[in-house]
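Notes follow once the structure below has been shown.
There are 2 protein chains.
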Amino acid sequence: MENLLSERIKSTPSSFIRNIFKTVSDPEIISFAGGLPNPISFPSEELKISSQRIIDKYKGKVFQYSTTPGLIELRQVIAERYNKKFNLNLEIENIIITTGSQQALDLISKVTLNKDDGVIVEKPTFLGALQVFSQYQPKFRSVTLKDDGLDIQELKMAVLEKNKMMYTIPDFQNPTGLSYSKENKKAIVDVIKDKEFVLIEDDPYGELRFEDEHEPYMGLSCMKYGVVLGSFSKTITPGMRLGYIISYNKELLNKISLAKEASDLHTNIFSQYLIYDYLINNDLDEHIAKIRKLYKAQADAMICAMEKYFPKEVTFTRPKGGMFLWVTLPKHVNALSIFEKAVQNKVTFVPGDPFFVDDIQRNTLRLNYTNADSNTIEEGIKRLGKLLYEVI
Amino acid sequence: MENLLSERIKSTPSSFIRNIFKTVSDPEIISFAGGLPNPISFPSEELKISSQRIIDKYKGKVFQYSTTPGLIELRQVIAERYNKKFNLNLEIENIIITTGSQQALDLISKVTLNKDDGVIVEKPTFLGALQVFSQYQPKFRSVTLKDDGLDIQELKMAVLEKNKMMYTIPDFQNPTGLSYSKENKKAIVDVIKDKEFVLIEDDPYGELRFEDEHEPYMGLSCMKYGVVLGSFSKTITPGMRLGYIISYNKELLNKISLAKEASDLHTNIFSQYLIYDYLINNDLDEHIAKIRKLYKAQADAMICAMEKYFPKEVTFTRPKGGMFLWVTLPKHVNALSIFEKAVQNKVTFVPGDPFFVDDIQRNTLRLNYTNADSNTIEEGIKRLGKLLYEVI
Numbered sequence: 001m002e003n004l005l006s007e008r009i010k011s012t013p014s015s016f017i018r019n020i021f022k023t024v025s026d027p028e029i030i031s032f033a034g035g036l037p038n039p040i041s042f043p044s045e046e047l048k049i050s051s052q053r054i055i056d057k058y059k060g061k062v063f064q065y066s067t068t069p070g071l072i073e074l075r076q077v078i079a080e081r082y083n084k085k086f087n088l089n090l091e092i093e094n095i096i097i098t099t100g101s102q103q104a105l106d107l108i109s110k111v112t113l114n115k116d117d118g119v120i121v122e123k124p125t126f127l128g129a130l131q132v133f134s135q136y137q138p139k140f141r142s143v144t145l146k147d148d149g150l151d152i153q154e155l156k157m158a159v160l161e162k163n164k165m166m167y168t169i170p171d172f173q174n175p176t177g178l179s180y181s182k183e184n185k186k187a188i189v190d191v192i193k194d195k196e197f198v199l200i201e202d203d204p205y206g207e208l209r210f211e212d213e214h215e216p217y218m219g220l221s222c223m224k225y226g227v228v229l230g231s232f233s234k235t236i237t238p239g240m241r242l243g244y245i246i247s248y249n250k251e252l253l254n255k256i257s258l259a260k261e262a263s264d265l266h267t268n269i270f271s272q273y274l275i276y277d278y279l280i281n282n283d284l285d286e287h288i289a290k291i292r293k294l295y296k297a298q299a300d301a302m303i304c305a306m307e308k309y310f311p312k313e314v315t316f317t318r319p320k321g322g323m324f325l326w327v328t329l330p331k332h333v334n335a336l337s338i339f340e341k342a343v344q345n346k347v348t349f350v351p352g353d354p355f356f357v358d359d360i361q362r363n364t365l366r367l368n369y370t371n372a373d374s375n376t377i378e379e380g381i382k383r384l385g386k387l388l389y390e391v392i
Numbered sequence: 001m002e003n004l005l006s007e008r009i010k011s012t013p014s015s016f017i018r019n020i021f022k023t024v025s026d027p028e029i030i031s032f033a034g035g036l037p038n039p040i041s042f043p044s045e046e047l048k049i050s051s052q053r054i055i056d057k058y059k060g061k062v063f064q065y066s067t068t069p070g071l072i073e074l075r076q077v078i079a080e081r082y083n084k085k086f087n088l089n090l091e092i093e094n095i096i097i098t099t100g101s102q103q104a105l106d107l108i109s110k111v112t113l114n115k116d117d118g119v120i121v122e123k124p125t126f127l128g129a130l131q132v133f134s135q136y137q138p139k140f141r142s143v144t145l146k147d148d149g150l151d152i153q154e155l156k157m158a159v160l161e162k163n164k165m166m167y168t169i170p171d172f173q174n175p176t177g178l179s180y181s182k183e184n185k186k187a188i189v190d191v192i193k194d195k196e197f198v199l200i201e202d203d204p205y206g207e208l209r210f211e212d213e214h215e216p217y218m219g220l221s222c223m224k225y226g227v228v229l230g231s232f233s234k235t236i237t238p239g240m241r242l243g244y245i246i247s248y249n250k251e252l253l254n255k256i257s258l259a260k261e262a263s264d265l266h267t268n269i270f271s272q273y274l275i276y277d278y279l280i281n282n283d284l285d286e287h288i289a290k291i292r293k294l295y296k297a298q299a300d301a302m303i304c305a306m307e308k309y310f311p312k313e314v315t316f317t318r319p320k321g322g323m324f325l326w327v328t329l330p331k332h333v334n335a336l337s338i339f340e341k342a343v344q345n346k347v348t349f350v351p352g353d354p355f356f357v358d359d360i361q362r363n364t365l366r367l368n369y370t371n372a373d374s375n376t377i378e379e380g381i382k383r384l385g386k387l388l389y390e391v392i
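As given, the protein sequences belong to chains S and F, one line each in that order.
Residue 147 in our numbering sits at position 147 of the first sequence, and the numbers go up by one each step.
Residue 348 in our numbering sits at position 348 of the second sequence, and the numbers go up by one each step.
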């Protein structure tokens, strides 16, 4: 089949995580590998009411073809929410609904990347982003993510080259759980503000904060091609695949819309009405407050258990929000090589490897704490700790 | 912004039809331009019941992340339906759920096409397909579509070159409403059966037949890379964006699944459960029988009105199913040039231009008959006929 395939698909790595999903189905395994929201956080009853109401109210419209950029009423509600929260002045035309944030990354790549174009990424960064970018065969330039944000010296070096895109997750980053500090964001803006590449601030976790307020976005107002990605996946439901792209640059959004038209015509309109109806009839902030409380308790349970059961040579991040934390083992321990033993011990995680484009730190791993209760988390960390004592 | 854009997006034409949708919102205009199913064909009450039932029955699963190839139960039902209808032996693994057929075309292109790779298309063909293929900058090779199918001599010439893909709509083609005869399908198979390109048989309209039975597919069983595309858009609801790819070649499907993972992770799982629940609790064939009757009456109304109101120099196809028919004006009349006058006369259509990659027949136009009742159709054709008498 080699002759049939595009260079593009040959360059696309398959996802470690989704391969795990396929192979690991033993219900006794405690999984810290995925990135699933806790199902108890889904507002099922409210969505059930909304699903009735929209069929009665909007009739055939919820089942018919629709326009590519998305339901106007939903885009209006999103614009108002961001305007209020971040003191912006977004209009409907500043927002495009996408089939999840993953599609947003694909569309922006489609619109901008030729082969070998530069893409600046965090080291480490979200493996799903690396996967979607890889389809377009770019040249990755990685910038180390430190405890308080990007390494500014490395960033200065990276922007010396020509780039088309810079991909960041400034809040509760996936995989590390780290956030950019206010000062770091300011320093980044100083370096990149005049650059003519797309700055993506991917913000699926920003609402899931255990403390503090959300800092303003870096590029939205001050970069020519500043883009923010948002999603309802972590606050309402991921199964609906509803994300959105925000930008003041309508010319760029028009091109993204053209790419979307060719890619899937439009995002599921039933779900757009459903989420819209949910948003105007319920208090999303009240709902999010519950999720925050839930996830903070689970994060605390994980950290507490790691302090109790992990060897003292093992370090880890202490996220102030989001869904993940990042574990660093002693240099000589390869996380990938102990993965199979972990599965035998009925616990899983994601080894650090797939989150790097270079300088792979093989002694790292990602843990997710959102999809298990505190007791299960303690038991899983206990199993993992036992294994770590064996290999360290 | 030119410097930022990919060559890919610069090669992608914007859709004439969707531009029309944007500009024409006058409710007094009778539109034969779109390709919308009639909203009275949506099984709204049944889908309302299903939407409640799936939330009660499957709970969090309908809102959670899911697997890339799609809901196993739904794929099973699709496999069984095709096995029964076409005497096939498809398994779950032979089917991938896509975010509409449009995404299926995008994914297959992503997986196969490098720049300048050959793609064989009908002349004329579906403009949405030309749009999605154009993103990958292929070399189009067009083969004339005649009353009974493809021109075999032209096809023989087209396959002399190296191609990666051949795109066909053998039943009730968009835009012409024409179908390939049994003999034509056989002749095509004789020409292409040993070729190592992907044969796409796009079949969104096959169920909407006013008479006869569906002929077997050409490439599914006898070509190495035979692919059939199906969709629930024309039989249940297009708003859910639910299509599917069928192929016996699991190696190809694995690559398509990898591309889908990078493109949107998976298709809306709520809708997959919804359509699955609808299918196992209702008789789809009974529902389709109603749609057939409705569309046949509307097609008859349009043909009858054209015979009455169109100048005798104008010819048109008489489809035995589907949603469209194709009008040929005298050679000297340019359909695009009378479009604006038509809008002033409160009737719209799609000029033939965007359906061609070469040898544009500017004296052609496409009419849709599914989204208006018979009286409205007669009035619209009357308006169009009046205009045609003026310009001929």
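Heads up, the beta-carbon is just placed ideally off N, CA and C, and yes, glycines get one too.
- With contacts defined by Cβ atoms closer than 9 Å, F355(F) and T125(F) form a contacting pair.
- When rounded, the separation of the alpha-carbon atoms in G321(S) and Q64(S) is 39 Å.
- If you ignore the 5 residues before and after D203(S), its C-beta comes within less than 7 Å of the C-beta of D171, V228, L229 and G230, all in its own chain and listed in chain order.
- Assignment of K308(S) by DSSP, reduced to helix, strand and coil, places it in the helix class.
- For S271(S), the neighbours in chain F by C-beta distance under 8 Å run, in chain order, N268, F270 and S271.
- Between the stretch 102-120 of chain S and the stretch 188-204 of chain S there are three or more inter-stretch CB-CB distances shorter than 8 Å, so the stretches are counted as touching.
- In this structure, the CA atom of I96(S) is about 14 Å from the CA atom of Y82(S).
- With the criterion set as a beta carbon lying under 9 Å from some beta carbon of chain F, the members of the stretch 192-204 of chain S are E196, F197 and V198, in sequence order.
- Partner residues in the beta bridge of P351(S), as assigned by DSSP, are L365(S).
- Here E154(S) has V143 and T144 as same chain residues with Cβ atoms under 6 Å from its own Cβ, once five neighbours each way along the sequence are excluded.
- D56(S): member of the alpha helix (DSSP H) spanning S44 to Y58, first to last residue.
- It is roughly 47 Å from the alpha-carbon of T376(S) to the alpha-carbon of V132(F).
- Burial is judged here by how many other beta carbons sit within 10 angstroms of a residue's own beta carbon; K84(S) has fewer than 16 and is exposed.
- At a cut-off of 9 Å between C-beta atoms, L252(S) counts as an interface residue with respect to chain F.
- In terms of Cα proximity to A372(F), the closest of Y248(F), E91(F), D300(F) and L388(F) is D300(F).
- Residue-level contact check: F356(S) does not touch chain F, since none of the beta carbons of chain F fall below 9 Å from its beta carbon.
- The continuous alpha helix (DSSP H) containing I72(S) extends over residues I72 to F86.
- Your pair M157(F) and F197(F) does not check out as a contact, with CB atoms roughly 15 Å apart and the cut at 8 Å.
- A289(S) counts as exposed, since fewer than 16 other C-beta atoms from the protein chains shown sit within 10 angstroms of its C-beta.
- Taken through DSSP and simplified to helix, strand or coil, L145(S) comes out as strand.
- In the DSSP annotation of this structure, the continuous segment of the alpha helix (DSSP H) that includes T376(S) starts and ends at S374 to V391.
- Straight-line measurement puts the Cα of A33(F) at about 28 Å from the Cα of D56(S).
- Within chain S, no residue has its beta carbon less than 8 Å from that of A297(F); the closest one is some 19 Å off.
- About 17 Å separates the beta carbons of S221(S) and Y180(S), which is beyond the 8 Å limit, so they are not a contact pair.
- For F316(F), the secondary structure class from DSSP, reduced to helix, strand or coil, is strand.
- Between Y225(F) and L74(F), the CB-CB gap reaches or exceeds 9 Å.
- G239(S) and S66(F) have their C-alpha atoms spaced approximately 7 Å apart.
- Secondary structure note for N282(S): it is in no beta strand (DSSP E), with a DSSP letter that is neither H nor E.
- In this structure, E379(S) is the residue among E379(S), D106(S) and E211(S) with its C-alpha nearest to the C-alpha of F310(S).
- For A262(F), the chain S residues whose Cβ falls inside 7 Å of its Cβ are T12, D106, Q131, V132 and Q135, in order along the chain.
- With respect to I392(S), V333(S) sits close: the two C-beta atoms are nearer than 9 Å.
- Around T112(F), the same chain offers K164, M165 and V198 as residues with beta carbons nearer than 7 Å, after the five sequence neighbours per side are excluded.
- K260(F) places its beta carbon less than 9 Å from that of P69(F).
- Residue-level contact check: P351(S) does not touch chain F, since none of the beta carbons of chain F fall below 9 Å from its beta carbon.
- A residue is called buried once 16 or more other Cβ atoms fall within 10 Å of its Cβ, and R318(S), having fewer, is exposed.
- For the pair T99(F) and D277(F), the CB atoms are not nearer than the 9 Å cut-off.
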